[in-house]
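Peer 1: The working numbering runs 37 ahead of the 1-based position in the sequence shown. Here a beta-carbon is modelled for each residue, glycine too, at the ideal position from N, C-alpha and C.
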Amino acid sequence: MIQDEPKKEITVDVNKDKDAETHPVSTDNVQSHNKPKYEMKKAQLLLVFVGLSLAILSAALDQIIISTTLPAIALEFRSLDEIAWIGTAYLLAATAFQPTYGKLSDVFGRKPIFLMTICLLELGLLLCGLSINLTMLIISRVIVGLGGGGIIALAQIIITEIVSINERGKYQGTIGACWGIASIAGPLLGGALTDKFSWRWAFFVNLPIGAIAFISIFFLLHIPNPTGSIWAKFKFIDWWGTFTLVVSTVLLLLSLNWGGSKYAWNNPIIIILLCFGGIGYIIFALVEWKVAKDPLAPGRLFKNPKTAAYFGLNFFNGMALFSLMYFIPLYFQVVKSESATTSGLELIPYMLGVVSAYIFSGQLISRTTYFSYGLICAFGSILMTVGGGLIGTFSLNTSEGEIIGYSLITGIGIGLIMQTTILAGQGVVEYRDMAVVTSLLQFYESMGTVFGVAILGTVFNNVFNSNLPPQFKGKISLHDFDSSTLGQIPDVIVQTFVLAFDVAFKVVIGMGSFAFILSLFMIKVKPHRDDPKKSESPLALD
Numbered sequence: 038m039i040q041d042e043p044k045k046e047i048t049v050d051v052n053k054d055k056d057a058e059t060h061p062v063s064t065d066n067v068q069s070h071n072k073p074k075y076e077m078k079k080a081q082l083l084l085v086f087v088g089l090s091l092a093i094l095s096a097a098l099d100q101i102i103i104s105t106t107l108p109a110i111a112l113e114f115r116s117l118d119e120i121a122w123i124g125t126a127y128l129l130a131a132t133a134f135q136p137t138y139g140k141l142s143d144v145f146g147r148k149p150i151f152l153m154t155i156c157l158l159e160l161g162l163l164l165c166g167l168s169i170n171l172t173m174l175i176i177s178r179v180i181v182g183l184g185g186g187g188i189i190a191l192a193q194i195i196i197t198e199i200v201s202i203n204e205r206g207k208y209q210g211t212i213g214a215c216w217g218i219a220s221i222a223g224p225l226l227g228g229a230l231t232d233k234f235s236w237r238w239a240f241f242v243n244l245p246i247g248a249i250a251f252i253s254i255f256f257l258l259h260i261p262n263p264t265g266s267i268w269a270k271f272k273f274i275d276w277w278g279t280f281t282l283v284v285s286t287v288l289l290l291l292s293l294n295w296g297g298s299k300y301a302w303n304n305p306i307i308i309i310l311l312c313f314g315g316i317g318y319i320i321f322a323l324v325e326w327k328v329a330k331d332p333l334a335p336g337r338l339f340k341n342p343k344t345a346a347y348f349g350l351n352f353f354n355g356m357a358l359f360s361l362m363y364f365i366p367l368y369f370q371v372v373k374s375e376s377a378t379t380s381g382l383e384l385i386p387y388m389l390g391v392v393s394a395y396i397f398s399g400q401l402i403s404r405t406t407y408f409s410y411g412l413i414c415a416f417g418s419i420l421m422t423v424g425g426g427l428i429g430t431f432s433l434n435t436s437e438g439e440i441i442g443y444s445l446i447t448g449i450g451i452g453l454i455m456q457t458t459i460l461a462g463q464g465v466v467e468y469r470d471m472a473v474v475t476s477l478l479q480f481y482e483s484m485g486t487v488f489g490v491a492i493l494g495t496v497f498n499n500v501f502n503s504n505l506p507p508q509f510k511g512k513i514s515l516h517d518f519d520s521s522t523l524g525q526i527p528d529v530i531v532q533t534f535v536l537a538f539d540v541a542f543k544v545v546i547g548m549g550s551f552a553f554i555l556s557l558f559m560i561k562v563k564p565h566r567d568d569p570k571k572s573e574s575p576l577a578l579d
């Protein structure tokens with residue numbers, strides 16, 4: 038049992054409540070909500086938080102910087118057809134294992150599992166830079182994904198234990214700033230290193246950041262680990278649940294990545310992957326319900342409409358967040374014939390909106406209880422919906438001011454939701470579910486990013502192909518153009534591209550609408566505040 042002071046361990050009869058298995062972790066709600074479970078001196082807390090932020094920055098920078106290295110990698114290894122596996126390998130590993138990290142940290146301790154994820158990230162980055170062929174690079178990206186996905190989930194879990202819920206929004210806002218820095222600096226840094234030195238340095242440059250993060254956490258973060266033998270701890274791992282979830286997620290992500298690009302959506306391979314992925318999730322649900330003693334996804338979380346709404350909000354918000362990050366630069370490359378670097382700069386207003394709203398929402402929640410979580414998310418979803426509609430009006434004549442304004446509005450809406458759902462989800466559950474709900478929220482957001490890109494890509498392709506002039510039908514697609522030929526696209530084709538992009542962008546209206554509906558389920562839930570007279574969190578699950 039984790040201990041920082043004498044405390045009664047709560048045990049529950051498994052036969053009485055399958056979801057509440059006796060566990061080596063205390064389930065004291067008071068301490069986890071009203072004050073940090075492990076208090077630190079201010080200086081120590083700040084240094085630990087620097088380490089957490091650097092780990093997040095390293096993981097975020099790796100995800101974004103690689104986009105500018107892909108052409109050089111494809112040229113060196115002469116494997117253009119397989120280059121997409123570099124991104125797919127990372128995505129599969131990072132997303133599929135994300136829910137597992139929360140449970141691992143419950144059983145083995147936050148600090149050792151977090152340090153393990155940093156080591157995986159560092160090892161993967163080193164191997165990426167030393168890769169002698171594409172196969173080695175793809176395997177290395179899997180290792181990086183295992184580390185990066187864990188860092189993103191565990192950093193926020195650790196914050197819940199060293200920062201009170203009153204102050205948590207202020208600190209987690211810095212995480213959004215790290216993503217903002219990475220999204221802006223990543224493409225520029227990656228392009229510069231690739232041009233001046235080698236694509237390998239885009240991986241090597243990240244190693245010192247992770248090393249500093251590791252040292253900071255190793256020496257300064259003092260969180261006791263659960264007691265007990267290794268064998269006893271291994272028995273608490275939901276192995277069948279982990280296996281079925283990972284396999285199902287990999288199958289589903291492969292179908293979404295390949296559908297509409299490598300294979301047509303009606304190709305038997307895609308249909309089989311989708312079917313087996315869906316069946317796998319049904320089996321996973323049955324395993325969690327009937328087999329697992331300590332499930333990865335406890336049923337009590339999904340029975341409560343509030344937590345279910347948070348998961349849904351994160352899913353739709355993730356759809357909008359990443360699909361726009363992907364398609365906005367692509368729009369400017371194809372329609373305006375801008376370079377990859379210049380089109381990346383067009384993304385800055387959007388990312389500034391996301392990051393500023395992410396930080397602002399954390400400050401707002403930390404400083405006042407006047408606004409409910411649902412009200413903040415509802416306002417954000419309205420901005421997302423309006424912004425998606427405005428971005429869907431982009432044309433060859435759209436002014437720079439309109440582009441900046443529309444992107445900013447949409448980014449602010451998405452940013453308001455991003456941190457609010459995390460804080461709300463953490464505030465509505467008991468301590469025993471804190472790590473699980475945090476990792477699941479990250480998982481749903483990651484799944485949303487994949488669905489978002491796949492859906493917008495499918496809409497784009499369908500609109501483009503159906504509106505292409507007859508003489509070009511079946512003879513041309515977006516993949517037929519590269520940076521050297523984008524400026525030579527006939528005007529009639531450019532107009533078709535504009536139409537396809539605009540319709541695809543308008544899909545964000547639907548994402549925002551669903552987010553708004555889900556926000557209504559949490560409209561009365563306000564940020565929790567310290568009240569020493571209360572013996573338990575008023576937001577604890579029923």
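If we count the other Cβ atoms within 10 Å of its Cβ and call it buried at 16 or more, is residue 115 buried or exposed?
Peer 2: In the sequence shown, counting from the first residue as 1, residue 115 sits at position 78. Result: exposed.
Peer 1: Which of the three DSSP states is assigned to residue 387 in this structure?
Peer 2: As a working mapping, residue 387 is identified with position 350 in the sequence shown. Residue 387: helix per DSSP, three-state reduction.
Peer 1: Quick one, are the C-beta atoms of residue 134 and residue 293 less than 8 Å apart?
Peer 2: Here residue 134 is taken as the residue at index 97 of the sequence shown, counted from 1. Here residue 293 is taken as the residue at index 256 of the sequence shown, counted from 1. Cβ atoms of residue 134 and residue 293: not closer than 8 Å.
Peer 1: Helix, strand or coil: which one does DSSP assign to residue 407?
Peer 2: Sequence index remark: in the sequence shown, residue 407 carries index 370 (1-based). Coil.
Peer 1: Return the chain-ordered list of same chain residues with a C-beta closer than 7 Å to the C-beta of residue 96, the five sequence neighbours on each side being excluded.
Peer 2: To locate residue 96, count along the sequence shown from 1; it is residue 59. Around residue 96: 158, 185, 188, 189.
Peer 1: Leaving out the 5 sequence neighbours to the left and right, which residues in its chain are closer than 7 Å to residue 373 when beta-carbon positions are compared?
Peer 2: Numbered from 1 along the sequence shown, position 336 holds the residue referred to as residue 373. None.
Peer 1: Output yes or no for whether 8 Å exceeds the beta carbon distance between residue 224 and residue 381.
Peer 2: Here the question's residue 224 lines up with position 187 in the sequence shown. Here the question's residue 381 lines up with position 344 in the sequence shown. The answer is yes: Cβ separation under 8 Å.
Peer 1: As an exercise, report each continuous beta strand (DSSP E) stretch of at least 3 residues that is fully enclosed by the stretch 407 to 479, in chain order.
Peer 2: Whole beta strand (DSSP E) segments, 3+ residues: zero.
Peer 1: Whose C-beta lies closer than 6 Å to the C-beta of residue 491 among residues of the same chain, with five residues either side of it excluded?
Peer 2: Taking the first residue of the sequence shown as 1, we reach residue 491 at position 454. Cβ within range, chain order: 293.
Peer 1: Can you give the beta carbon distance from residue 542 to residue 418, rounded, assuming they're within the 8 Å contact cut?
Peer 2: For the purposes of this step, residue 542 is taken as residue 505 along the sequence shown, with counting starting at 1. For the purposes of this step, residue 418 is taken as residue 381 along the sequence shown, with counting starting at 1. Residue 542 to residue 418, Cβ: 16 Å. No contact.
Peer 1: Just the C-alpha distance for residue 214 and residue 90, rounded to the nearest angstrom, thanks.
Peer 2: Indexing the sequence shown from 1 puts residue 214 at position 177. Indexing the sequence shown from 1 puts residue 90 at position 53. Going from the Cα of residue 214 to the Cα of residue 90 covers about 9 Å.
Peer 1: Do you know offhand how far residue 310's Cα is from residue 434's?
Peer 2: Stepping through the sequence shown from its first residue, residue 310 is reached at position 273. Stepping through the sequence shown from its first residue, residue 434 is reached at position 397. Cα to Cα, residue 310 sits roughly 42 Å from residue 434.
Peer 1: Can you tell me whether residue 351 is buried or exposed, with buried defined as 16 or more other CB within 10 angstroms of its CB?
Peer 2: For the purposes of this step, residue 351 is taken as the residue at position 314 of the sequence shown. By the neighbour-count rule (16 or more Cβ atoms within 10 Å), residue 351 is buried.
Peer 1: Could you name the residues that DSSP lists as bridge partners for residue 336?
Peer 2: Start at 1 with the first residue of the sequence shown, and residue 336 comes out as number 299. BP columns for residue 336 are empty, so no partner.
Peer 1: Ordered along the chain, which non-local residues of its own chain (more than five positions away) have a Cβ less than 6 Å from that of residue 178?
Peer 2: For the purposes of this step, residue 178 is identified with residue 141 of the sequence shown, where counting begins at 1. So the list reads 123, 126, 127, once near-sequence residues are dropped.
Peer 1: Going by C-alpha to C-alpha distance, which of 106, 432, 76, 141 sits closest to residue 473?
Peer 2: Here residue 473 refers to the residue found at position 436 of the sequence shown. The candidate whose alpha carbon is nearest that of residue 473 is 141.
Peer 1: Determine the closest residue to residue 401 out of 105, 202, 530, 254, with distance taken between C-alpha atoms.
Peer 2: For the purposes of this step, residue 401 is taken as the residue at position 364 of the sequence shown. Here the closest residue by C-alpha is 202.
Peer 1: Does the distance from the C-beta atom of residue 597 to that of residue 441 stay below 8 Å?
Peer 2: No answer is possible for residue 597: it lies beyond the span of the chain, which begins at 38 and ends at 579.
Peer 1: Quick one: residues in its chain with C-beta nearer than 7 Å to the C-beta of residue 396, no 5 flanking neighbours on either side, listed in chain order?
Peer 2: Taking the sequence shown and counting its residues from 1, the one referred to as residue 396 is at position 359. So the qualifying residues of the chain are 210, 213, 214.
Peer 1: Taking 7 Å as the cut-off, is the beta-carbon of residue 431 closer than that to any non-hydrogen atom of the ligand GDP?
Peer 2: Summarising the ligand content, the structure contains no ligands, and the ligand GDP is consequently not present.
Peer 1: Would you be able to state if there are at least three C-beta pairs under 8 Å between the stretch 158 to 172 and the stretch 295 to 309?
Peer 2: In short, these stretches do not touch, since the Cβ pair count stays below three.
Peer 1: Please confirm whether residue 148 and residue 260 have their CB atoms less than 8 Å apart.
Peer 2: Indexing the sequence shown from 1 puts residue 148 at position 111. Indexing the sequence shown from 1 puts residue 260 at position 223. Yes.
Peer 1: Around the C-beta of residue 428, are 16 or more other C-beta atoms found within 10 angstroms, so that it is buried, or is it exposed?
Peer 2: Here residue 428 is taken as the residue at index 391 of the sequence shown, counted from 1. Answer is buried; the Cβ neighbour count reaches 16.
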